[in-house]
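The structure under discussion appears below in the form of structure tokens.
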Amino acid sequence: MGKLTTQGMSRLTAAGTLPELDNAIEALSTLKAIHIIDYSGDEEGLKLGKPNPSSEGIGRNLNRYRSVISQINTNDVKVPLEAKPIRLKMAADLPSLVDEMLTSSDRIDAIEGEQGVIAEESAALEILKPLGIDLDLLSGYEGVTVFVGNVSSAPATKKAAGDGIAIIGGDKKKVAAVFCRNENASTVQSALDDADFSSVTVPAGEGGIGARLSNLAAQSKILSNEMDGLQSELDSWGDNNGASLQGGVELLERDMAIALGPVKVATSEHTFMLDGWVETSRSDEVKAALSGTCLYVETEAFKITPGGGGHGHHGPELEMPPIKFADRHTSKPMELITDLMGRPSYGKVDPTLFMFFTYPLFFGLMLGDMAYGFMTMGVGYALYRAKG
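Numbering (my numbering), first residue to last: 2 to 389.
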């Protein structure tokens with residue numbers, strides 16, 4: 002198959018001894034050339050393989066690294082990083098640096114929680130401030146019930162208090178503190194409800210409300226300064242270690258895929274059987290890579306047999322290979338548009354190359370001038386070169 006069609010695919014069947022399964026998965030991962038077909042578990046005497054025991058540790062590290070990378074600003078790495086230096090850093094000081102950043106991140110989360118509590122208490126105190134009463138006088142009585150909240154009418158509130166005491170403050174939005182005997186509490190509460198009373202929670206504390214607000218503002222400022230310092234450390238850490246962290250995440254994701262690879266493969270007590278698809282052009286390369294870990298490796302080029310299956314036939318349903326675009330360079334970005342419209346069927350014409358020429362031109366025609374299309378192609382090419 003050429004550039005105008007999808008890649009030709011071959012069915013791969015490989016088998017070997019169970020101790021070599023991890024090595025076989027590792028070899029295939031390095032090639033990035035196989036689409037493994039998940040074993041369904043239907044065959045008697047065969048079962049799904051078990052993940053490598055290292056998967057638990059890899060998963061924990063991957064979660065830690067992802068947690069840190071979500072907290073920092075990392076610049077996109079334009080130049081591919083080599084795996085060896087990153088693995089050396091992961092084996093050296095990167096884990097301890099990640100732990101430090103996780104501690105800082107946890108502290109930032111804790112500060113945000115404390116700031117939320119302070120903001121909530123400050124909002125309540127601002128409502129109560131017009132009363133001019135110390136906090137400890139608004140609660141803590143044995144024989145007296147206190148109702149504190151917003152009211153719309155001062156006369157109605159005083160009437161609802163009955164023989165109790167009503168202290169009202171504020172101009173447009175009034176706040177009231179109503180003191181009554183415990184035995185009259187239900188009657189007063191009912192009357193206040195009729196007077197459009199809205200209860201306000203009184204924060205715990207002593208002394209004047211103004212002094213408490215000043216204290217809370219000072220605490221909030223201290224916490225804000227601490228959080229700014231921690232965030233600055235995170236930003237600086239990201240500038241110095243962000244690239245290594247991104248590379249570490251990619252390596253751990255690869256390691257996790259390898260560690261979990263056996264769960265897709267059929268195994269018995271002593272052997273494994275691997276089933277999948279490979280590009281026909283890379284069949285020999287895959288065979289050579291698996292020759293050291295598998296006792297049996299075979300590939301067979303896929304061919305569509307007319308009348309051999311599919312809809313409208315009595316034969317078994319034909320299992321189609323995955324669709325892979327042909328290798329291309331300049332027109333590769335147009336594969337996104339092809340994917341948006343839907344990839345062509347296996348062996349059919351791939352419209353990607355045609356879109357590379359026609360899409361910008363028709364875009365220009367829609368604007369009334371084909372020159373816009375050529376301009377779009379030129380700008381796209383310049384951006385493509387700039388991005389590398």
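Note that beta-carbon positions come from the ideal geometry of N, C-alpha and C, so glycine has one too.
- The C-beta of residue 136 has 16 or more other C-beta atoms within 10 Å across all chains shown, which makes the residue buried.
- DSSP, read as helix, strand or coil, puts residue 48 in strand.
- Taken through DSSP and simplified to helix, strand or coil, residue 173 comes out as coil.
- Note that the C-beta distance between residue 285 and residue 13 is not below 9 angstroms.
- Taking a cut-off of 8 angstroms on C-beta distances, the stretch 264-271 touches the stretch 42-52, as three or more cross pairs fall below it.
- In the three-state reduction of the DSSP assignment, residue 146 falls in the strand class, which pools E and B.
- Three or more beta-carbon pairs separated by less than 8 angstroms are not found between the stretch 112-126 and the stretch 162-174, which leaves the two stretches without contact.
- Residues 59, 62, 63, 66 of the same chain have their beta carbon placed closer than 7 angstroms to that of residue 253, with the five preceding and five following residues left out of the count.
- The beta-bridge partner set that DSSP reports for residue 213 is empty.
- Counting along the chain, residue 300 sits inside the beta strand (DSSP E) bounded by residues 297-302.
- Between residue 171 and residue 196, the alpha-carbon positions lie close to 17 angstroms from each other.
- The secondary-structure analysis by DSSP pairs residue 151 across a beta bridge with 176, 199.
- Leaving aside the five residues that flank residue 237 on each side, none in its chain has a CB nearer than 8 angstroms to its CB.
- A Cβ-Cβ contact shorter than 9 angstroms links residue 150 with residue 200.
- In the assembly as shown, residue 242 is a buried residue. Its beta-carbon has 16 or more other beta-carbons within 10 Å.
- Straight-line spacing of the CA atoms in residue 234 and residue 15 works out to 51 angstroms.
- Each of 279, 123, 43, 297 was checked against the Cα of residue 303, and the nearest Cα belongs to 279.
- About 37 angstroms separates the Cβ atoms of residue 109 and residue 134, ruling out a contact at the 8 angstroms cut-off.
- By the CB criterion at 9 angstroms, residue 180 and residue 146 fall inside the cutoff.
- The beta carbon of residue 220 sits closer than 7 angstroms to the beta carbons of 119 from its chain, once the five residues preceding and following it are set aside; these are given in chain order.
- Setting aside the 5 residues that flank it on each side, residue 257 is surrounded in the same chain by 56, 59, 60, 63, each with a C-beta closer than 7 angstroms to its C-beta; the list follows chain order.
- Each residue's CA atom was taken as its position, placing residue 30 and residue 259 some 7 angstroms apart.
- Between the C-alpha atoms of residue 255 and residue 217 there is a straight-line separation of about 49 angstroms.
- Contact check for residue 54 against residue 126 fails: the beta carbons are separated by 9 angstroms or more.
- For residue 211, the closest of 123, 192, 223, 287 by C-alpha to C-alpha distance is 123.
- At the C-beta level, residue 22 and residue 273 come within 9 angstroms of one another.
- With contacts defined by Cβ atoms closer than 9 angstroms, residue 298 and residue 70 do not form a contacting pair.
- Counting every other CB atom within 10 Å of its CB across the protein chains shown gives residue 296 a total below 16, marking it as exposed.
- For residue 17, the uninterrupted beta strand (DSSP E) run begins and ends at 10-18, by DSSP.
- Under DSSP, the beta-bridge partners assigned to residue 35 are 279.
- Assigned with DSSP and collapsed to three states, residue 119 falls in helix.
- Under the three-state reduction of DSSP, residue 274 is assigned to strand.
- Non-local C-beta neighbours of residue 140 in its own chain, meaning closer than 7 angstroms and more than five positions away in sequence, comprise 147, 203, ordered along the chain.
- Considering only 28, 43, 18, the residue with the shortest C-alpha distance to residue 287 is 28.
- Residue 105 places its beta carbon 9 angstroms or farther from that of residue 68.
- In this structure residue 294 does not touch residue 11 by the C-beta definition: roughly 19 angstroms separates them, more than the 8 angstroms allowed.
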